[in-house]
Amino acid sequence: MKNPKLPPSPYRNETKGVNILSEPSILAAIVAAFVLSVLLSPLFIPMLHRMKFGQSIREEGPSSHQKKSGTPTMGGIVVILAIVLSVLFVVFFFTELAFNYQIGLLMLVTIAFGLVGFLDDFIKVVLKRNLGLNSKQKLLAQLVVAAVFYFVLRQYEFSTVVQIPATDFSMDIGILYLLLVAVMLVGASNAVNLTDGLDGLLAGTSAIAFGAFAVLAWYAGFPEVAVFSAAVVGAVLGFLVFNAHPAKVFMGDTGSLALGGAIAAVAIILKMEILLIVIGGVFVIETISVIIQVIVFKWKGRRVFKMSPLHHHYELSGWSEWKVVVVFWLCGIVFAVIGVYIEVWPI
Numbered sequence: 314m315k316n317p318k319l320p321p322s323p324y325r326n327e328t329k330g331v332n333i334l335s336e337p338s339i340l341a342a343i344v345a346a347f348v349l350s351v352l353l354s355p356l357f358i359p360m361l362h363r364m365k366f367g368q369s370i371r372e373e374g375p376s377s378h379q380k381k382s383g384t385p386t387m388g389g390i391v392v393i394l395a396i397v398l399s400v401l402f403v404v405f406f407f408t409e410l411a412f413n414y415q416i417g418l419l420m421l422v423t424i425a426f427g428l429v430g431f432l433d434d435f436i437k438v439v440l441k442r443n444l445g446l447n448s449k450q451k452l453l454a455q456l457v458v459a460a461v462f463y464f465v466l467r468q469y470e471f472s473t474v475v476q477i478p479a480t481d482f483s484m485d486i487g488i489l490y491l492l493l494v495a496v497m498l499v500g501a502s503n504a505v506n507l508t509d510g511l512d513g514l515l516a517g518t519s520a521i522a523f524g525a526f527a528v529l530a531w532y533a534g535f536p537e538v539a540v541f542s543a544a545v546v547g548a549v550l551g552f553l554v555f556n557a558h559p560a561k562v563f564m565g566d567t568g569s570l571a572l573g574g575a576i577a578a579v580a581i582i583l584k585m586e587i588l589l590i591v592i593g594g595v596f597v598i599e600t601i602s603v604i605i606q607v608i609v610f611k612w613k614g615r616r617v618f619k620m621s622p623l624h625h626h627y628e629l630s631g632w633s634e635w636k637v638v639v640v641f642w643l644c645g646i647v648f649a650v651i652g653v654y655i656e657v658w659p660i
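Position one of the sequence shown corresponds to residue 314 (the numbering used here), numbered consecutively onward.
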């Protein structure tokens, strides 16, 4: 069954049914981003040490995390650089690809949200304000990026139709699509940010989620979006070499906000808005755990979880940090497989 909600793509018929892992541009994006991330990290980590960009650990957090105080943060700079440079390399090296508005927007959102995160990290580690940007400042910056993203999309007559996955139900929501874009970009960036709390947790779960979107983008006929998603996979896996327990560097808000904005932008461009909830299931659950904790504590004066986000609850329940991370990775794989199955199986 053809998917009418997707914008026209001259590659759709050529890429459908082709094994994505056999495509040179996809492999090149993953390998280039991985290599760049692995090569850049050892250069940035000592630099971050010298600049005293060390992470401050909240006193109310798990006691086992206090030993992580001083570990360099802002490692997301490496991830963003690896993504951007590898995408540019692949797009310009492979003649069948093009630097189109989709690639431009994905890079814009990634870099812009990364800058918001960088300011947040800078305030935390340099100005010694552990909470960074206040909520209003961060929200305003995110909304500005979301508005720019939406209005650029509309210049290309981008559809405002939203479709329920695996069904024939769709609805044109018109100007309300701006609200949806804002909710998705702001919500995803903050949800991914909440997930970045354990060594390797976000790097692994984001690699899985972007891997799923790379597959979907390729089969839907959006090779440039697939290349971008594949580059993210390579970049975060390369970063994981240094971020796995015990972490030598943290991604910081620089990386987590960039990845959250990027994955929402990918879902929007592919017209798979609702599917983001499934593929990003781990991020959604982490966010819901925080919402439940806050609501119940204000209402009843007690905690549902020992600590939120959810990964800290399992830590305080006696699980090792590595066990929590692996279990969450496995959950991420399950959500990714379900998401790909829902979208691909009816085709």
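We treat Cβ as the ideally placed atom computed from N, Cα and C, and that holds for glycine.
- Query: Excluding five sequence neighbours on each side, which residues of the same chain lie with their C-beta closer than 6 Å to the C-beta of A459?
  - Reply: Here the question's residue 459 lines up with position 146 in the sequence shown. Correct list, in chain order: V494, A495 and L498.
- With I393 and V540 assumed to form a contact (beta carbons below 8 Å), what rounded beta-carbon distance in angstroms separates them? Taking the first residue of the sequence shown as 1, we reach residue 393 at position 80. Taking the first residue of the sequence shown as 1, we reach residue 540 at position 227. Not really, about 16 Å apart at Cβ, beyond 8 Å.
- Cα-Cα separation, E537 to I416: Here residue 537 corresponds to residue number 224 of the sequence shown, with the count starting at 1. Here residue 416 corresponds to residue number 103 of the sequence shown, with the count starting at 1. Going from the Cα of E537 to the Cα of I416 covers about 7 Å.
- Item | Nearest to V603 (by Cα), restricted to the options V457, N503 and V465 | If you number the sequence shown from 1, residue 603 lands on position 290. For V603, the closest C-alpha among the options V457, N503 and V465 is that of N503.
- Query: How would you label Q468, buried or exposed, when you count the other beta carbons within 10 angstroms and need 16 or more for buried?
  - Reply: Stepping through the sequence shown from its first residue, residue 468 is reached at position 155. Q468 counts as exposed, since fewer than 16 other C-beta atoms from the protein chains shown sit within 10 angstroms of its C-beta.
- Length of the line joining the Cα atoms of M461 and P385: Translated into the one-based positions of the sequence shown, residue 461 becomes position 148. Translated into the one-based positions of the sequence shown, residue 385 becomes position 72. The question names Met, yet the displayed sequence has Val at residue 461. Near 32 Å, if we compare the C-alpha coordinates of P385 and V461.
- Message: Taking DSSP's pairing of strands, which residues face S542 in a bridge?
- Response: Counting from 1 along the sequence shown, the entry for residue 542 is found at position 229. Answer by DSSP bridge pairing: none, since S542 is not bridged.
- Item | First and last residue of the uninterrupted alpha helix (DSSP H) at V475 | Here residue 475 refers to the residue found at position 162 when the sequence shown is read from its first residue. Where V475 is concerned, there is no enclosing alpha helix (DSSP H), although the beta strand (DSSP E) it sits in stretches over V474 to Q476.
- Task: Go ahead and pull the three-state DSSP assignment for M484.
- Result: Taking the first residue of the sequence shown as 1, we reach residue 484 at position 171. Strand at M484.
- Item | Closest by C-alpha distance to G594, when choosing among V505, H558, A548 and I608 | Within the sequence shown, residue 594 is the residue found at index 281, counting from 1. Selected option, being the one with the closest Cα: V505.
- Task: Could you work out which residue in I343, S350, A346 and G388 is closest to L361 when comparing CA atoms only?
- Result: Taking the sequence shown and counting its residues from 1, the one referred to as residue 361 is at position 48. Comparing Cα-Cα distances from L361 to each of I343, S350, A346 and G388, the minimum goes to G388.
- Query: Count the other CB atoms within 10 Å of the CB of E470; is the residue buried (16 or more) or exposed (fewer)?
  - Reply: By one-based count along the sequence shown, residue 470 stands at place 157. In this structure E470 is exposed. Its beta-carbon is surrounded by fewer than 16 other beta-carbon atoms within 10 angstroms.
- Task: Return the chain-ordered ranges of every alpha helix (DSSP H) run that is complete within the segment 545-614 and spans a minimum of 4 residues.
- Result: Within the segment 545-614, the complete alpha helix (DSSP H) runs of at least 4 residues are 565-582, 588-592 and 594-613.
- Task: Write down the C-beta distance between A577 and A501 rounded to the nearest angstrom, noting that I regard them as a contact closer than 8 Å.
- Result: Start at 1 with the first residue of the sequence shown, and residue 577 comes out as number 264. Start at 1 with the first residue of the sequence shown, and residue 501 comes out as number 188. Right, the Cβ-Cβ distance comes to about 4 Å (below 8 Å), so this counts as a contact.
- Classify P385 as helix, strand or coil using the three-state DSSP reduction. The residue labelled residue 385 in the question sits at position 72 within the sequence shown. Correct three-state label for P385: strand.
- Is the beta carbon of V638 sitting closer than 8 Å to the one on G517? Here residue 638 is taken as the residue at index 325 of the sequence shown, counted from 1. Here residue 517 is taken as the residue at index 204 of the sequence shown, counted from 1. When the beta-carbon positions are compared, V638 and G517 come within less than 8 Å of each other.
- Query: So, helix, strand or coil for K636, using DSSP?
  - Reply: Indexing the sequence shown from 1 puts residue 636 at position 323. Helix, per DSSP.
- Item | Chain-order list of residues whose beta-carbon lies under 6 Å from that of A544 (same chain, five-residue window excluded) | Within the sequence shown, numbered from 1, the residue matching residue 544 stands at position 231. Within the same chain, A544 has close Cβ partners A342, A346, I396, S399 and V400.
- Query: Would a check of beta-carbon distances place V554 closer than 8 Å to chain B?
  - Reply: Chain labels in this structure do not include chain B; a single protein chain is all it has.
- Query: So, helix, strand or coil for D433, using DSSP?
  - Reply: Here the question's residue 433 lines up with position 120 in the sequence shown. Residue state, collapsed to three classes: helix.
- Query: So A575 and L446 are in contact, right, with Cβ under 8 Å, and what is the actual spacing, rounded?
  - Reply: Position 262 of the sequence shown, counting from 1, holds the residue named residue 575. Position 133 of the sequence shown, counting from 1, holds the residue named residue 446. With 8 Å as the limit, A575 and L446 do not qualify as a contact, their Cβ atoms being about 19 Å apart.
- Rounded C-beta distance between G652 and V591? I'm assuming under 8 Å. Position 339 of the sequence shown, counting from 1, holds the residue named residue 652. Position 278 of the sequence shown, counting from 1, holds the residue named residue 591. Right, the Cβ-Cβ distance comes to about 4 Å (below 8 Å), so this counts as a contact.
- Item | Distance between T567 and Y654 (C-alpha atoms, nearest Å) | The residue labelled residue 654 in the question sits at position 341 within the sequence shown. The residue labelled residue 567 in the question sits at position 254 within the sequence shown. Computed Cα separation, rounded: 32 Å.
- Spatial neighbours of I424 within its chain, please: CB distance less than 8 Å, with the 5 preceding and 5 following residues excluded, ordered by chain position. On the sequence shown, position 111 is the one that residue 424 refers to. Hits under 8 Å: I393, V397 and A571.
- Item | Candidates Y463, T473 and E336, of which the one nearest F407 by Cα | Translated into the one-based positions of the sequence shown, residue 407 becomes position 94. Minimum Cα-Cα distance from F407 among the listed residues Y463, T473 and E336 corresponds to E336.
- Message: Quick test of the definition: if touching needs 3 or more C-beta pairs under 8 Å, does the segment 515-531 touch the segment 547-559?
- Response: Yes, they touch.
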